[in-house]
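Novice:
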């Protein structure tokens, strides 16, 4: 049984959930490739609007840029794909688990349908940090993702 990562469910409500998830690691230590974001921001009166045009297309962000952006207004996380690379080592991002295994990408985070999170990590201690963080935050459905229980071959929130 080879450990791939961790999966869990987050609350289906506005907040700073992605910032909470990423608090398990030092996000500023990475460069991030962001893809397939659907991430409306909540205004002071509770309305949601999509003000993230700069993240509506695939792009690379430094860990500092990502941290600053996530500390902004409350948001409603619907879909997101984040790929973490050691600083200065970003490359074209693929969509298969095989690509992940062979690439410089260290962490792949997939969020879909407002509440489901799958995180793939190359290093076991990083998977453990995400697992412990999910437990601490009271997320549900927390489980290890292994070669034996993960049928996923595509690292994307969208089907082909």
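Numbering (my numbering), first residue to last: 2 to 161. Glycine included, every Cβ here is placed at the ideal spot set by N, Cα and C.
Please say whether residue 83 and residue 110 have beta carbons closer to each other than 8 Å?
Specialist: Yes, they are a contact pair.
Novice: Can you give me the C-alpha to C-alpha distance between residue 55 and residue 33, rounded to a whole angstrom?
Specialist: With a pLDDT of 47 at residue 55, under the threshold of 50, the modelled position of this residue cannot be trusted, and the question is left open.
Novice: Report yes if the C-beta distance between residue 20 and residue 71 is below 8 Å; otherwise report no.
Specialist: The answer is yes: Cβ separation under 8 Å.
Novice: For residue 89, which of helix, strand or coil comes out of DSSP?
Specialist: If DSSP states are grouped into helix, strand and coil, residue 89 belongs with coil.
Novice: What residue range is occupied by the uninterrupted beta strand (DSSP E) comprising residue 8?
Specialist: Where residue 8 is concerned, the enclosing beta strand (DSSP E) stretches over 4-10.
Novice: Name the residue from 81, 39, 101 whose alpha carbon lies nearest to the alpha carbon of residue 6.
Specialist: Taking only the C-alpha atoms, the option nearest residue 6 is 101.
Novice: In angstroms with no decimal places, state the Cα-to-Cα distance between residue 103 and residue 92.
Specialist: Whole-angstrom Cα-Cα distance: 12 Å.
Novice: Using a 10 Å radius around the Cβ and a threshold of 16 neighbouring Cβ atoms, would you call residue 150 buried or exposed?
Specialist: So residue 150 counts as exposed.
Novice: Which residue or residues does DSSP assign as beta-bridge partners of residue 158?
Specialist: In the DSSP output, where bridge partners are listed per residue, residue 158 has none listed.
Novice: Measure how close the beta-carbons of residue 156 and residue 96 come, nearest whole angstrom, since I'm counting them as under 8 Å.
Specialist: About 6 Å; that satisfies the 8 Å criterion.
Novice: Once you ignore the five residues that flank residue 26 on each side, which residues in its own chain have a CB closer than 7 Å to its CB?
Specialist: The answer, listed in chain order, is 127, 130.
Novice: Nearest CA to the CA of residue 125: which residue from 105, 13, 147, 116?
Specialist: Residue 125 has its Cα closest to that of 147, out of 105, 13, 147, 116.
Novice: Quick check on the DSSP output: the alpha helix (DSSP H) that includes residue 22 runs from which residue to which?
Specialist: Start and end: 18-23.
Novice: Taking the straight line between their C-alpha atoms, what separation do you get for residue 31 and residue 158?
Specialist: Rounded to the nearest angstrom, the two C-alpha atoms are 22 Å apart.
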